[in-house]
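Chains as they are written, first to last, in this note's numbering: chain U, 1 to 339; chain R, 1001 to 1281. Glycine residues also receive a C-beta, built at the ideal position from the N, C-alpha and C atoms. Structure first, then comments.
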């Protein structure tokens, strides 16, 4: 239980996972996500050779990926996604339950001078070249799957929703020539490879101007990628990778009524603020058309948008409970609907 | 807040015998925050800038409220922290733990037992007594932020008590949508003069702010602003004389206590259907 947590053994276990160093580092995950390529080992190597410069490492990874053979893969099936973490800040309790899992918000923010540090072990990026890659934790057998977990968005009643344009499969931004106007699928694909800091800064600017922004559902899961066998055509599992999927709602005017725009964002890896920022950008485009709100780049905006801890904290605060505010927004939207 | 008038922060820090300061914040920061609180109390509803520090919670997660609470709290206090009415949210539990361990004071989940209550986006359901202090966490201290995006222009509006843009926005919403479009965070007029953001509390709570017997302190850490409502301050929602602000309605009683007058939110009930329950229960 995320929202109403009493101290219990599962919370202790979640804390233990949160403090465990045996995970792929967040920097590796971020580089993989920005490169649009899940290969933590290559990210680690790139980071090492780029002397710890993440931007350079992303570039190296993309350059390397461009030389590799490319296979078409069908969409990942919901039955192939095992959820390891799920939470909603729209309702205290949701059907299917809130699963805390690996919770970055439980990590302490105070620097511990007593703990041994591996600074000086090499490149200063926190990546130790000597250690073997950390083993991916195996999801337990009883973990829920995406297809048997209900969507929290189905619970929302009483407010009209912006209906997103009908869209087919998108193109691969690494292969296809994508020209504007972009379909929503293509736009999401391009943004999904965006730089984390840029996504978060833009999302924080949008968030600061909205009345209502609620994280409806966030899931972190392990997805199995299948491709058709070259001879038999039967889909075979070739890779397993962590993905984070987020749905947020923003206030929107729907046919002259206050309503909601549901944005969706997903990223490779578990850097949650990336997925939250992507969903916020998608929702803002759905709510306002082409981001109709003029964004003046004056002094105050620039200073606010470049303050990293402030924008990161602000975007990530969507993980906190928002039940009271969300209920208030839905109540006033429903009241207008009846008139 | 202190057991006797002779107790000083320096004395408490020495007694504490640890490297970190008493109640986490160093004395200069506490003095700065307290000065801002006094100034804010002297001008109810005015946004007083203060030197907001980096706190061990993320910015936007209650760092302002936390600094206010830590600069107030003494060893005899009993602290309660709630997050949208919930005592057990990760963030609220973490802050309550930080306050009670660094200030060596009591912690509670009972509204009546607490002396300092820090809250995110809810006014506690039980009315507070004059000896209690309510600290609210504020994300956007500027009530004009949507209608006057420029901070300097907004400050001029406040200085001249010219809230025409806010009234126009309200009129626009009334004419086009049939009522204000704010869900939570409906702006309030403090002492009939200054427009203030009451933090994103629901309208049900906005209507309960008027003439409270206890002080309310509002801290916005990310934007480095403090506001305050001294006891018995008149607080009225921004609304036209003939169209009162309506509180939220719930379509059922609380599933646990059966209350029909509290602020209720939907949650999962039997058979995956939504039922209503008290948000501060």
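Which of helix, strand or coil DSSP assigns to residue i
i, result
"residue 257 (chain U)", "strand"
"residue 319 (chain U)", "helix"
"residue 1254 (chain R)", "coil"
"residue 1279 (chain R)", "coil"
"residue 223 (chain U)", "strand"
"residue 1219 (chain R)", "strand"
"residue 262 (chain U)", "strand"
"residue 1196 (chain R)", "strand"
"residue 122 (chain U)", "Residue placement at residue 122 (chain U) cannot be trusted, given a pLDDT of 41 that sits under 50; the coordinates are not used to answer."
"residue 1107 (chain R)", "strand"
"residue 307 (chain U)", "coil"
"residue 1202 (chain R)", "strand"
"residue 1133 (chain R)", "strand"
"residue 1191 (chain R)", "coil"
"residue 43 (chain U)", "helix"
"residue 162 (chain U)", "coil"
"residue 77 (chain U)", "coil"
"residue 53 (chain U)", "coil"
"residue 99 (chain U)", "strand"
"residue 157 (chain U)", "coil"
"residue 1021 (chain R)", "coil"
"residue 240 (chain U)", "strand"
"residue 1146 (chain R)", "coil"
"residue 167 (chain U)", "coil"
"residue 374 (chain U)", "Residue numbering for chain U in the displayed model covers 1 to 339; residue 374 (chain U) lies beyond these limits and cannot be assessed."
Limits of the alpha helix (DSSP H) - the one that residue i falls within
i, result
"residue 1039 (chain R)", "1027-1042"
"residue 30 (chain U)", "26-35"
"residue 1055 (chain R)", "Run containing residue 1055 (chain R): none; DSSP gives neither H nor E here."
"residue 1095 (chain R)", "1090-1102"
"residue 1064 (chain R)", "1063-1072"
"residue 1152 (chain R)", "1151-1159"
"residue 1164 (chain R)", "1164-1177"
"residue 1087 (chain R)", "Unbroken run through residue 1087 (chain R): none, as it is neither H nor E."
Buried versus exposed call for residue i [16 or more other C-beta atoms within 10 Å across all chains shown]
i, result
"residue 197 (chain U)", "buried"
"residue 221 (chain U)", "buried"
"residue 1274 (chain R)", "buried"
"residue 119 (chain U)", "Residue placement at residue 119 (chain U) is poorly supported in this model, since its pLDDT is 49, which falls under 50; the coordinates are not used for a value here."
"residue 328 (chain U)", "buried"
"residue 303 (chain U)", "exposed"
"residue 1095 (chain R)", "buried"
"residue 1031 (chain R)", "exposed"
"residue 219 (chain U)", "buried"
"residue 121 (chain U)", "Because the pLDDT at residue 121 (chain U) is just 42, under 50, the model does not fix this residue reliably, and the point stays unresolved."
"residue 169 (chain U)", "exposed"
"residue 1280 (chain R)", "buried"
"residue 1212 (chain R)", "buried"
"residue 1020 (chain R)", "exposed"
"residue 1133 (chain R)", "buried"
For residue i, the residue or residues it bridges with in DSSP
i, result
"residue 1274 (chain R)", "R:1268"
"residue 85 (chain U)", "U:220"
"residue 336 (chain U)", "According to DSSP, which records beta bridges pairwise, residue 336 (chain U) is partnered with nothing at all."
"residue 213 (chain U)", "U:250"
"residue 1080 (chain R)", "R:1117"
"residue 245 (chain U)", "U:219 and U:266"
"residue 1049 (chain R)", "R:1225"
"residue 228 (chain U)", "U:235"
Whole-Å CB distance - residue i paired with residue j, under 8 Å assumed
i, j, result
"residue 1225 (chain R)", "residue 1048 (chain R)", "7 Å"
"residue 1068 (chain R)", "residue 1178 (chain R)", "With a Cβ gap of about 38 Å, residue 1068 (chain R) and residue 1178 (chain R) do not count as contacting."
"residue 256 (chain U)", "residue 1176 (chain R)", "7 Å"
"residue 1082 (chain R)", "residue 1228 (chain R)", "The pair is not a contact, with the Cβ atoms about 19 Å apart (cut-off 8 Å)."
"residue 1025 (chain R)", "residue 1230 (chain R)", "Their Cβ separation, rounded to whole angstroms, is 23 Å, which puts residue 1025 (chain R) and residue 1230 (chain R) out of contact at 8 Å."
"residue 105 (chain U)", "residue 270 (chain U)", "Not a contact, Cβ separation roughly 13 Å."
"residue 1071 (chain R)", "residue 1034 (chain R)", "5 Å"
"residue 1058 (chain R)", "residue 308 (chain U)", "That pair is no contact at about 11 Å."
Under 7 Å from the C-beta of residue i: neighbouring residues of chain A
i, result
"residue 1151 (chain R)", "The chain inventory of the structure shown lacks chain A, comprising the protein chains U and R."
Enclosing beta strand (DSSP E) for residue i [first to last residue]
i, result
"residue 207 (chain U)", "Residue 207 (chain U) -> not in any beta strand (DSSP E); alpha helix (DSSP H) instead, spanning 196-207."
"residue 1235 (chain R)", "1235-1237"
Any non-hydrogen atom of the ligand GTP within 8 Å of residue i CB
i, result
"residue 1207 (chain R)", "By its list of ligands, the structure shown contains no ligand whatsoever, and the ligand GTP lies outside what it can speak to."
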